[in-house]
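Residue numbering for the sequence shown follows the numbering used here, beginning at 126 and increasing consecutively.
Some notes on the structure that comes next.
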Amino acid sequence: MAPLSLKRDLAGLARLALLASCLSAAVALAQERVRLPAGNGQAQAAHAADDRLARARLIARGEDLFFNETFNGNGRTCGTCHPVENNFTLDPAFIATLKRNDPLFVAERNPALADLENPRLLRAFGLIREHVDGFQNPGVLRGVPHVLSLSTSVASFSGPQTGWSGDGAPGDRSLRSFTTGAVIQHFTKTLQRVPGVDFRLPTEVELDALLAFQLSLGRQSDPVLPLALKGAVPRRGQDIFLDDTLGKCNLCHVNAGANATLGAGNLGNIRVDIGVEALLDPPAGLTGEAVPPDGGFGAIPNPIPQLGFGDGSFNIPPLVEAADTPPFFHNNAIATLEGAVAFYTSDAFNNSPGARQIGGGIRLDTTQVEAVAAFLRVINALENIDGAIRLQRSAVRSRNAARRARFVARSAGEIEDAIEVLAGAGLHPDAVTLLDKARSSLTGCEPCSNKAIRKAIRRERTARGRIAG
Ligand code: HEC
Ligand code: HEC
126 MAPLSLKRDL
136 AGLARLALLA
146 SCLSAAVALA
156 QERVRLPAGN
166 GQAQAAHAAD
176 DRLARARLIA
186 RGEDLFFNET
196 FNGNGRTCGT
206 CHPVENNFTL
216 DPAFIATLKR
226 NDPLFVAERN
236 PALADLENPR
246 LLRAFGLIRE
256 HVDGFQNPGV
266 LRGVPHVLSL
276 STSVASFSGP
286 QTGWSGDGAP
296 GDRSLRSFTT
306 GAVIQHFTKT
316 LQRVPGVDFR
326 LPTEVELDAL
336 LAFQLSLGRQ
346 SDPVLPLALK
356 GAVPRRGQDI
366 FLDDTLGKCN
376 LCHVNAGANA
386 TLGAGNLGNI
396 RVDIGVEALL
406 DPPAGLTGEA
416 VPPDGGFGAI
426 PNPIPQLGFG
436 DGSFNIPPLV
446 EAADTPPFFH
456 NNAIATLEGA
466 VAFYTSDAFN
476 NSPGARQIGG
486 GIRLDTTQVE
496 AVAAFLRVIN
506 ALENIDGAIR
516 LQRSAVRSRN
526 AARRARFVAR
536 SAGEIEDAIE
546 VLAGAGLHPD
556 AVTLLDKARS
566 SLTGCEPCSN
576 KAIRKAIRRE
586 RTARGRIAG
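Laid out in structure tokens, this is it:
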């Protein structure tokens, strides 16, 4: 594992690189438009280019809002909890690198906001208070989901299911409206939450821009499984994942994404009660702090009062990004990916309604649990490598030195993630060595020449070739 300091150095650069990537897309589109030859039949092409340019501008605007706009509130931005340098999510290790005056910690400093969060559980487990059942009811404590590949999950068929339980957004429950809910929930100056006093509500244009930006993040499609994996263990993990009578994972996470079939055709991004709340000894509870029950979807009190408000269901998250976005599940109950896979062999899962929906529980041996986790690590690393190469290609194309440097820095962050998820389980050590060389050739060469960047790309491609064909 690489020292945290490297991650921190990359952090600011990574954020700028992302902005640069959107802006450069806008610039490239503008150039493309200028180059379009005039004449018959060109009108449609010009129109399409106009559309793309407008979209690129909207995304760039959304990005600026996401990381910088406080909506006249308590100082938080969307990026406070969804930081680009930590894959748009929070975990205790990242939280520990933040300064005391970071707006994430407003509840520690401002007495008017003392009950906005449980500061101890925020720092120890990355848990955030969410009043998903209305502000009159007690809030629940939830982890921060990454906002990557939303176009394959929340915006998929049968959506929108926003938030862990699919009921986070006010009004029409859409991803667009979710922003308004996030501002009222997280940005307020006092717990009165009066619009125009404690914060300002986002405008329609801002909602459009933030939606466009969020939908542009991460993968735009799911991988098509099975992949031609080289490692025997991840390959076996993939087989188990896809086997509808053994691992059964693909019944709910089709192609390691967020859409389900339950064996009955494409159902899209649905909610299921898989029993996470029934786990014994969830870590937050061990602190002695009050942890309210989380009833999942719906605001109606569960007939069993200990189950809180809701019907117990949570919506299915995508898995390609899982390995580098721990901890796992809506309550961050599980710290490791291996633990998250092992959950499916627990009584909590096997006695759940979700287990019944897939024709009975899941039994896996420990080796099989590790194999499935190895598979999830490998698909995450492949996504990291592809992302790094995309950024490096943009760097080679870019004529602006500063922008180029930021692309390079961000790509190094992706490689860093790939190394962490593979090395974390001793997978593909040969590929890890190559990735490490690719990364060091990029971190020591500022300003990196095209030759150095291309060398890194070659090493990454070779590394990729050791993992999958
Ligand atoms: C204080 C931390 C915090 C801040 C600030 C914050 N979020 Fe979140 N975000 C969360 C948590 C926690 C959840 C899970 C909520 C739930 O389950 O209902 C979440 C969920 C989401 C989701 C749902 C993702 C999914 O897969 O369903 C989106 C989208 C999102 N946030 C966007 C935003 C936007 C846009 C902003 C800024 C306006 C923002 N968030 C500000 C903590 C935060
Ligand atoms: C019946 C549907 C269903 C099946 C089968 C299923 N999952 Fe899930 N999975 C879910 C739901 C729903 C969640 C979110 C639950 C929550 O947070 O309470 C989830 C969450 C996860 C998470 C945590 C993701 C994160 O970002 O926190 C992982 C990892 C995961 N599943 C892996 C698997 C694996 C591996 C298998 C097969 C062994 C599997 N799942 C089978 C429905 C299912």
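C-beta: ideal position from N, C-alpha, C; glycine also.
Item: Does the beta-carbon of Pro285 have 16 or more other beta-carbons within 10 angstroms, so that it is buried, or is it exposed?; Value: buried
Item: For ligand 2, is there a heavy atom less than 6 Å away from the beta-carbon of Cys374?; Value: yes
Item: By alpha-carbon positions, which one of Ala403, Ile429, Pro418 and Ile425 ends up nearest to Phe474?; Value: Ala403
Item: Please classify Lys373: is it buried, with 16 or more other beta-carbons within 10 angstroms of its beta-carbon, or exposed?; Value: buried
Item: What do you reckon, is the C-beta of Gly259 under 6 Å from a heavy atom of ligand 2?; Value: no
Item: Quick check on the DSSP output: the beta strand (DSSP E) that includes Leu489 runs from which residue to which?; Value: No beta strand (DSSP E) holds Leu489; DSSP gives it neither H nor E.
Item: Since Pro320 sits in a beta bridge, which residues does DSSP pair it with?; Value: Phe324
Item: Does the distance between the C-beta of Phe213 and the nearest non-hydrogen atom of ligand 2 fall short of 6 Å?; Value: no
Item: Quick one: what does DSSP say Asn509 is sitting in, helix, strand or coil?; Value: helix
Item: Opposite Asn440 in the DSSP bridges: which residues?; Value: Arg396
Item: How about the segment 193 to 204 and the segment 295 to 315: do they share at least three Cβ pairs that are nearer than 8 Å?; Value: yes
Item: Using only CA atoms, which one of Gly388, Gln493, Arg361 and Leu273 lies nearest to Gly343?; Value: Leu273
Item: When you compare only the Cα positions, how much space is there between Val330 and Ala171?; Value: 24 Å
Item: So who's on the other strand from Ile253, going by DSSP bridges?; Value: Arg267
Item: According to DSSP, simplified to helix, strand and coil, what is Ala409?; Value: helix
Item: How would you label Val445, buried or exposed, when you count the other beta carbons within 10 angstroms and need 16 or more for buried?; Value: buried
Item: CA-CA distance, Asp347 and Asn380?; Value: 6 Å
Item: Please report the distance separating the alpha-carbon of Glu414 from that of Gly421.; Value: 20 Å
Item: Helix, strand or coil for Phe312? Go by DSSP, reduced to three states.; Value: coil
Item: Give the range of the alpha helix (DSSP H) segment to which Ile582 is assigned.; Value: Asn575 to Ile592
Item: Taking Cβ to Cβ, would you say Ala212 is nearer than 7 Å to His271?; Value: For clarity, residue 212 is Asn in the given sequence; the question names Ala instead. Yes; because the gap between Cβ atoms is below 7 Å, this pair is in contact.
Item: Report yes if the C-beta of Glu402 is less than 6 Å from at least one heavy atom of ligand 1; otherwise report no.; Value: no
Item: If you follow the alpha helix (DSSP H) that Val231 is part of, which residue opens it and which one closes it?; Value: Val231 to Arg234
Item: Using CA atoms only, rank isn't needed, just tell me which of Ala383, Leu516 and Gln167 is closest to Thr287.; Value: Ala383
Item: When you measure from the CB of Pro327 to every non-hydrogen atom of ligand 2, does any distance come out below 6 Å?; Value: no
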